[in-house]
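Visitor:
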Amino acid sequence: MVNTVTPILGVDFDNRSLTNDTGVELGTLVNGNDGKEYVRVLATEAIAIGTCTVDLSTFAVTDAAGNFTADVAFLSGEYGWVKRTAFT
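Quick note, the sequence shown lines up with residues 539 to 626 if you use my numbering.
#1: How close, in whole Å, do the beta carbons of D552 and V610 come, if the pair is a contact with beta carbons under 8 Å?
#2: Skipping 5 residues on each side, what residues in its chain have a beta carbon closer than 6 Å to that of T591?
#3: Return the CA-CA distance between V584 and G615, expressed in angstroms with no decimal places.
#4: When you measure from the CB of T557 to every non-hydrogen atom of the ligand NAD, does any distance come out below 7 Å?
#5: F606 and T582: beta carbons closer than 8 Å?
#6: Can you list, in chain order, the residues of its chain whose CB lies under 7 Å from that of I587, leaving out five sequence neighbours each side?
Take a look at the structure:
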């Protein structure tokens, strides 16, 4: 299990929810103890496990291949975390 390092503790990167009831805003970045950067996103469509794209102005995630990876699938309308796996 990956845990957060900074700036907040106790985040469950595998948790998905239809409400953003965690108190963590969209776009929040945290570093995991796996050395990856994770961002809080909202799925605008169903997202399969694997690469995905995050609109960095709205933090909406889509299933198109991109610079992020979803470790757990999303349903459309779910909030959750994806990790940055490539930098451009």
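Beta carbons are placed, not taken as given, at the ideal position from N, Cα and C, and that holds for glycine.
Guide: This is what the structure gives:
#1: Residue mapping note: residue 552 aligns to position 14 of the sequence shown, counting from 1. Residue mapping note: residue 610 aligns to position 72 of the sequence shown, counting from 1. The pair is a contact, with the Cβ atoms about 5 Å apart (cut-off 8 Å).
#2: Position 53 of the sequence shown, counted from the start, is the residue given in the question as residue 591. So the qualifying residues of the chain are T600, A602 and G604.
#3: Counting from 1 along the sequence shown, the entry for residue 584 is found at position 46. Counting from 1 along the sequence shown, the entry for residue 615 is found at position 77. What sits at residue 584 in the sequence shown is Ala, not Val. In a straight line, the C-alpha of A584 is about 8 Å away from that of G615.
#4: As far as ligands go, the structure on display features none, and thus does not contain the ligand NAD.
#5: Numbered from its first residue, the sequence shown carries residue 606 at position 68. Numbered from its first residue, the sequence shown carries residue 582 at position 44. In this structure, T582 does not lie closer than 8 Å to F606 by Cβ.
#6: Mapped onto the sequence shown, residue 587 falls at position 49. Taken in chain order, the residues that qualify are A608, D609, V610 and A611.
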